[in-house]
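Residue numbers (our numbering), protein chains in the order written: chain Z, 1 to 282; chain W, 1001 to 1338; chain F, 2001 to 2533.
Heads up, the beta-carbon is just placed ideally off N, CA and C, and yes, glycines get one too.
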Amino acid sequence: MNIFKTKYFYKYSRNPLSVIGLVIVTIVISLALLAPYITPFPEHVGPFTDFANKSKPPSWKYIFGTDKIGRDIFTRVVFGYRISLTLGFVVLSIAVPIGVAMGLCAGYIGRKTELILMRITDIFLAIPALVLALSIIGLLDRPNLFYTMIAVSMAWWPWYTRLIYNITRSIKTEGYITAAEIMGASKLHIMFREILPNCLPSLLTKITLDLGFVILVGSSLSFLGLGAQSPTPDLGTMVAKGASFLPDTWWFSLFPGFAILIIVLGFNLVGDGLKDMFDVDV
Amino acid sequence: MSASQYFIRRIFISVIVFFGVSIVIFCLARLIPGDPARIALGPFATKEMVEQLRETLHLNESIFIQYKIFIISLFQGDLGISTYTKRPVIVDIISYFPATFELILMAGTLMLLIGIPLGILSGKYKDTWIDHIARVISLLGVVTPSFLWAIILMLFFAYLIPIFPVHERMDETLDPPKIVTGLLLIDSLLEGNFRVFRDAFSHLILPGFAIALPAIGNCARLTRTNLSDVYEKQYIEFARSYSFSEFKIATKYAFKPASIPTVTIIGLDFAFMLGNAFLVETVFVWPGMAKYGVEVILAKDLNGIVATALIFTIFFLIINMFVDFIVLFLNPRIILQD
Amino acid sequence: MRLISYFKLILPTVLFAFFSFSIVNAKTVIRTDEAAIGEADPAKFSDNIDSIIIFNTYDALVDELKNGAGLAPHLASGWEYADATTLNVTLKDGIKFHSGNILDADDVVYSFNRLMDMGQGFSFLFGTVESVTALDSKTVQIKTSEPFAPLIASLMRLAIVDKDDVQANTTVDGNYGDNGDYGEAYLLTTSAGTGAYKITQHDPNVKTVLTKNNDYFLDHNAKAPDEVIIKYSVEAATIKTLLMRGEHEISSMWLPNEVLAALEKEDSVDLVKINRPGSWYNKLNNRRAPLDDVHCRRALQLAYDYDALYLSFAITEDMVAGQKSSGALISGVLGYDPNKAPIERDIDKAKAELAKCKYNPSDYTLDLAWIAEVPYEEPWSLQLQANAIELGFDATVTGLPWAKFTEQVANWENTPHATVVSVLANVPDPDALMFAQWHSSRGGTWMSAEWAQDAELDALLEKGRTETNADERIKIYQAANQLMIDNAITLFITDFVGYQAISQSVSNSDTISTQQGYGTMGRNLSFREMAVN
Chain Z
1 MNIFKTKYFY
11 KYSRNPLSVI
21 GLVIVTIVIS
31 LALLAPYITP
41 FPEHVGPFTD
51 FANKSKPPSW
61 KYIFGTDKIG
71 RDIFTRVVFG
81 YRISLTLGFV
91 VLSIAVPIGV
101 AMGLCAGYIG
111 RKTELILMRI
121 TDIFLAIPAL
131 VLALSIIGLL
141 DRPNLFYTMI
151 AVSMAWWPWY
161 TRLIYNITRS
171 IKTEGYITAA
181 EIMGASKLHI
191 MFREILPNCL
201 PSLLTKITLD
211 LGFVILVGSS
221 LSFLGLGAQS
231 PTPDLGTMVA
241 KGASFLPDTW
251 WFSLFPGFAI
261 LIIVLGFNLV
271 GDGLKDMFDV
281 DV
Chain W
1001 MSASQYFIRR
1011 IFISVIVFFG
1021 VSIVIFCLAR
1031 LIPGDPARIA
1041 LGPFATKEMV
1051 EQLRETLHLN
1061 ESIFIQYKIF
1071 IISLFQGDLG
1081 ISTYTKRPVI
1091 VDIISYFPAT
1101 FELILMAGTL
1111 MLLIGIPLGI
1121 LSGKYKDTWI
1131 DHIARVISLL
1141 GVVTPSFLWA
1151 IILMLFFAYL
1161 IPIFPVHERM
1171 DETLDPPKIV
1181 TGLLLIDSLL
1191 EGNFRVFRDA
1201 FSHLILPGFA
1211 IALPAIGNCA
1221 RLTRTNLSDV
1231 YEKQYIEFAR
1241 SYSFSEFKIA
1251 TKYAFKPASI
1261 PTVTIIGLDF
1271 AFMLGNAFLV
1281 ETVFVWPGMA
1291 KYGVEVILAK
1301 DLNGIVATAL
1311 IFTIFFLIIN
1321 MFVDFIVLFL
1331 NPRIILQD
Chain F
2001 MRLISYFKLI
2011 LPTVLFAFFS
2021 FSIVNAKTVI
2031 RTDEAAIGEA
2041 DPAKFSDNID
2051 SIIIFNTYDA
2061 LVDELKNGAG
2071 LAPHLASGWE
2081 YADATTLNVT
2091 LKDGIKFHSG
2101 NILDADDVVY
2111 SFNRLMDMGQ
2121 GFSFLFGTVE
2131 SVTALDSKTV
2141 QIKTSEPFAP
2151 LIASLMRLAI
2161 VDKDDVQANT
2171 TVDGNYGDNG
2181 DYGEAYLLTT
2191 SAGTGAYKIT
2201 QHDPNVKTVL
2211 TKNNDYFLDH
2221 NAKAPDEVII
2231 KYSVEAATIK
2241 TLLMRGEHEI
2251 SSMWLPNEVL
2261 AALEKEDSVD
2271 LVKINRPGSW
2281 YNKLNNRRAP
2291 LDDVHCRRAL
2301 QLAYDYDALY
2311 LSFAITEDMV
2321 AGQKSSGALI
2331 SGVLGYDPNK
2341 APIERDIDKA
2351 KAELAKCKYN
2361 PSDYTLDLAW
2371 IAEVPYEEPW
2381 SLQLQANAIE
2391 LGFDATVTGL
2401 PWAKFTEQVA
2411 NWENTPHATV
2421 VSVLANVPDP
2431 DALMFAQWHS
2441 SRGGTWMSAE
2451 WAQDAELDAL
2461 LEKGRTETNA
2471 DERIKIYQAA
2481 NQLMIDNAIT
2491 LFITDFVGYQ
2501 AISQSVSNSD
2511 TISTQQGYGT
2521 MGRNLSFREM
2531 AVN
């Protein structure tokens, strides 16, 4: 089945912005996957120094210029996308299952389970995401990408719980649910085979939108010094380190900064497109 | 139930949440490897001194006792000594929180003053070029990280076209006003000192915008969506058929229901802005709670971390309650529903 | 004359007088910046910024003379060794504290006891001092347990506090038993010293304001600033803008090279080169495998690319903020030999040494660290990583926040294999630099992340401490230096060459000679000796 011919894609492509978003996301993901083959200086991503060429402005050889250690910024930005995308996917693959499971249980089983689960969720929601993530990581041994991912996941799952909880509550009185109950279906079956599929449009939309925001929060954390360790290229860290050198060596910060902007924009546009297509509200 | 019952119920829930948060942060802060006493005293202190400090800080006791002591001290207004600034945390909070609060207020004002009208414009002239431009602006606002905005604003308005200052709250050649609220804008007005007022205001602009821009974008988009949803509703058409003026329709019939989800999201946006405050305060060297929070986290100052997290949580809870009440005011049916 | 014309005459005159009065009396300010946190308590101060504050607000018995001319009495009028372990110091008359109290021997005894009881800051310098007693109101006697050559130099770090003032402001509730809080809270915001400036405002994380003390026992420069504002942790880019706009006078010495290069082109800003007795080291952990084997350490020492490091110090073609090191003895410290050849890379010799090492490099991942708050240390760590990988090791690089580093360094298993640290001599004596870092009894502090345990080195350092003949001491320390190089105890990145950017409003021979004239850490920003144009 040609995906471009489905009614979904038709609806999606009515909005030119959504298509642009899809293009952006596709390009970024391809860049990230093909990084070692398409970048001019892949060895600049590892332990490499070339002080003779440090702090050079953008030129034909170094498209985005070089940093203080003489490494090509363009190469590092492309590899930086790998880190950002990994962060996004890993965080959501942890946060979404936890959040969805809790939301389903709280919404459907109700009573005490609901009370406890939702209060826990409220507590985690009450702490602003960045604060929570910062507190978790900052206290750990050596800040690195792995801990960042754990911390951001911890801050993220409550949003999924709330989303799924709201949807579950609104559809649990629907006819087909009651029918399944009468037929003796187990709670687990109802939650995962009846309710969950109906959550999928909202879930998918939210996940897409969130990918952008997780990358944003992740780059904010690395901006504060809690991201991937040198010499691994991390977009937020690159912006942070370059910020002290404005405006003379403006290329240190600006290119990684715009790289973050583009990927977040891409996911946002796609998410918006999905939102319009499925006609949901997340 | 009546409004006061609702009020009490909300406070009760908030208090429970607050304690829950305090437990979570407290445990996080203490279950991590590392000796706060050693860090506080520095590398040259003897082992005996470190042990002595550990006793004083009750670090050798069980976590339950430590939490109990923490809560008791909390109610006495004692949040412990910061091992980072080496003075009582309360003193740190009193000196840094007003700065952040003023910044958030400025950002919040900008968000409402620019975000809502932008959204209304967008919604009213939906799908015209006005709408498209406004949407692009909002979108850019939302997807650009605050620290990038801070850098862009700095580059533009401080280096290229130097009209705004980029550091701290006030020019230090000027004498600060007497501290009443800690908010420079208010304190300087109280004194009638307009020079300081203008100076403090110009210092607030760039960081305020850096924090507000994502929230402006968000606010504009939501206002637009809600407004256009409402405008499509039948009772608006109905009102039009009665020849009510557009203005009357906009303010009496459309705005109130449209603003409920907007107000809710604005509340959430405040939390969002609190998070951004960390980044922007670092870039603009703003002597606020968020910059202190980052430094205290990096320095593993347990008391400082716990205090910062709790302050932000309280702030957030209060905003949420405030938002809930405005929503109540706009739509009294909510109380009756429960 | 009619009343109105009378006023027309008087009013301008009054206004003119008023404005010229305020112009004439406009206070002069020097604004400078440094990394947080500024410690104002003389018993707790330990690093550069603390020293700047303390040297301006307090005084010690001994002071450094300008341009390397040695040490001279300061609060003291003179001193004399009664025997090898007893030093008698006489005090000057009529010196006043900021409170108005007169300085006497009791204050000295109190200050010493306070420093040692609190056990922080520079208390470690006085480990061999057994007692400090007041023989009379003007004489103090210091007894040591064995001959201690660096004693006089160390006295520079004993800031004298106003005993009566501090005791009057001590709270009973504190960590020091009968002494309550020892005036800790009071000294957080007030200077109870004799110094040329007083603290009028102090927020250790934001800024400190100092005001001229007109009752100071020595003279201020006629054009010394009335007020000094020290700001903490301001971004380099901001400092640059402020300097260019004339809103800042003296920068810290931590400006990154790119910013210095940009400032060099500005007419309104001058760059002052500062040589300081200090170095950047990549401290090798001597106890952790594989670096507990001297051959592996030598391999790293010979593989480190010192030429590449030199390139990384370059600000412009002519300004290089660094120089190749010839070991632990540096310019300004007794025993420095300007003709000694610097340490160079030799990859063949490195591999030969590696072959003799009992460990197999591919079995080990070296844990290399730099201090996160000092971002320009990162390239030097990355360079070591590249060279270590060249030898066949695996290596990771971590930006370690200072607080975590000081905590990890408390035991050798947690100390990184190599950490980039800068050490400035606390007092102008090689013992201060070498004993604290490399004597085996001193492991576990940020200065001694090597955990050195070389018996031969220990013997030399101990001898240097008790030897009273200056020439003999030079020979001892030079032998110690060579031993350190031979056994690759640590890696030397560069001798410290710093540049401070100053605005034209303070650029003159008085200011610059002060900045360049003193070697002790923090002593060179003596504001009373500077001049505002």
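Next on the checklist: Which residues in chain Z have a C-beta closer than 8 Å to the C-beta of F:V2397? List them in chain order.
Outcome noted: P47, Q229, S230, P231
Checklist entry - Can you tell me the Cα-Cα spacing of F:V2109 and F:G2464, whole angstroms? => result 28 Å
Next on the checklist: Considering only the alpha carbon of each residue, which of F:W2370, F:K2231, F:G2121, F:A2036 lies closest to F:P2042?
Outcome noted: F:G2121
Next on the checklist: Report the CB separation of F:D2270 from F:I2502 in whole angstroms; it is logged as a contact under 8 Å.
Outcome noted: 5 Å
Next on the checklist: Contact criterion: CB-CB distance below 8 Å. Does F:V2259 meet it with respect to chain Z?
Outcome noted: With 8 Å as the cut-off, F:V2259 counts as an interface residue toward chain Z.
Checklist entry - For chain Z, is any of its Cβ atoms less than 8 Å away from the one on F:E2034? => result no
Item to check | Bridge partner(s) assigned by DSSP for F:W2079 | outcome: F:V2089
Checklist entry - Which runs of the alpha helix (DSSP H), 4 residues or longer, sit entirely within the region 151-215 of chain Z? => result 175-182
Checklist entry - Going along the region 1146-1175 of chain W in order, which residues come within less than 9 Å of chain Z, judged by CB to CB distance? => result S1146, F1147, L1148, A1150, I1151, I1152, M1154, L1155, A1158, Y1159, L1160
Checklist entry - In whole angstroms, what separates the C-alpha of Z:M183 from that of Z:I190? => result For the pair Z:M183 and Z:I190, the Cα-to-Cα distance works out to about 11 Å.
Item to check | Neighbour-count burial assignment, F:H2417, 16 or more Cβ in a 10 Å radius | outcome: Classification for F:H2417: buried.
Next on the checklist: Can you find the residues in the same chain that come closer than 8 Å, C-beta to C-beta, to F:Y2518, ignoring five residues on each side of it along the sequence?
Outcome noted: E2064, K2066, N2524, S2526, listed in sequence order.
Checklist entry - Under the three-state reduction of DSSP, which class applies to F:H2220: helix, strand or coil? => result coil
Item to check | According to DSSP, residues forming a beta bridge with F:E2064 | outcome: F:L2071
Next on the checklist: Comparing C-alpha positions only, which one of F:L2483, F:M2156, F:S2145 sits nearest to F:G2070?
Outcome noted: F:M2156
Checklist entry - Rounded to whole angstroms, how far is the Cβ of F:K2240 from the Cβ of F:A2449, which I believe are closer than 8 Å? => result So it is not a contact: roughly 33 Å between Cβ atoms.
Item to check | From Z:D279, Z:T161, Z:W156, residue whose alpha carbon lies closest to that of Z:L117 | outcome: Out of Z:D279, Z:T161, Z:W156, Z:T161 has the C-alpha closest to the C-alpha of Z:L117.
Item to check | Under the three-state DSSP convention, the category Z:L269 falls into | outcome: helix
Item to check | Anticipated Cβ contact below 8 Å, F:A2386 with F:L2366, distance rounded | outcome: About 12 Å separates the two Cβ atoms, so there is no contact after all.
Next on the checklist: I'd like to know whether the C-beta of F:S2422 is nearer than 8 Å to at least one C-beta of chain C.
Outcome noted: Judged by its chain identifiers, the structure shown contains no chain C, and its protein chains are Z, W and F.
Next on the checklist: Within 8 Å of any Cβ in chain W, is that where the Cβ of Z:L216 sits?
Outcome noted: yes
Next on the checklist: Please classify W:A1210 as buried or exposed, where buried requires at least 16 neighbouring CB atoms within 10 angstroms.
Outcome noted: buried
Checklist entry - Of the choices F:D2454, F:L2300, F:A2350, F:A2314, whose alpha-carbon is the least far from that of F:L2368? => result F:L2300
Item to check | Three-way DSSP call (helix, strand, coil) for W:I1179 in this model | outcome: Coil at W:I1179, not helix or strand.
Next on the checklist: Within 10 Å of its beta-carbon, does F:V2062 have 16 or more other beta-carbons around it, so buried, or fewer, so exposed?
Outcome noted: F:V2062 should be labelled buried.
Next on the checklist: Helix, strand or coil for F:Q2301? Go by DSSP, reduced to three states.
Outcome noted: helix
Next on the checklist: At a cut-off of 7 Å, would you count F:A2308 as near the ligand HEM, judging by its Cβ distance to the nearest heavy atom?
Outcome noted: This structure lacks the ligand HEM, and indeed carries no ligand of any kind.
Next on the checklist: Assuming contact is defined by CB atoms lying nearer than 8 Å, are F:L2391 and F:A2303 in contact in what I supplied?
Outcome noted: yes
Item to check | Option in F:V2272, F:A2159, F:R2245, F:E2264 with minimal Cα separation from F:M2253 | outcome: F:V2272
Item to check | 8 Å Cβ cutoff met for F:S2137 and F:A2105 | outcome: Taking 8 Å as the Cβ cut-off, F:S2137 and F:A2105 qualify as a contacting pair.
Checklist entry - If we ignore side chains and look at the alpha-carbon of each, how far apart do F:G2332 and F:Q2482 end up? => result So the alpha carbons of these two residues sit roughly 18 Å apart.
Checklist entry - Just curious, the beta strand (DSSP E) that F:W2280 is in, first and last residue? => result 2269-2284
Checklist entry - Can you tell me whether W:P1207 is buried or exposed, with buried defined as 16 or more other CB within 10 angstroms of its CB? => result buried
Checklist entry - Under a CB-based cut-off of 8 Å, is F:Q2383 close to chain Z? => result yes
Item to check | F:P2150 versus F:A2082, F:A2425, F:S2509, residue with shortest Cα-Cα distance | outcome: F:A2425
Item to check | Per-residue burial, Z:S93 [other beta carbons within 10 Å of its own, 16 or more giving buried] | outcome: exposed
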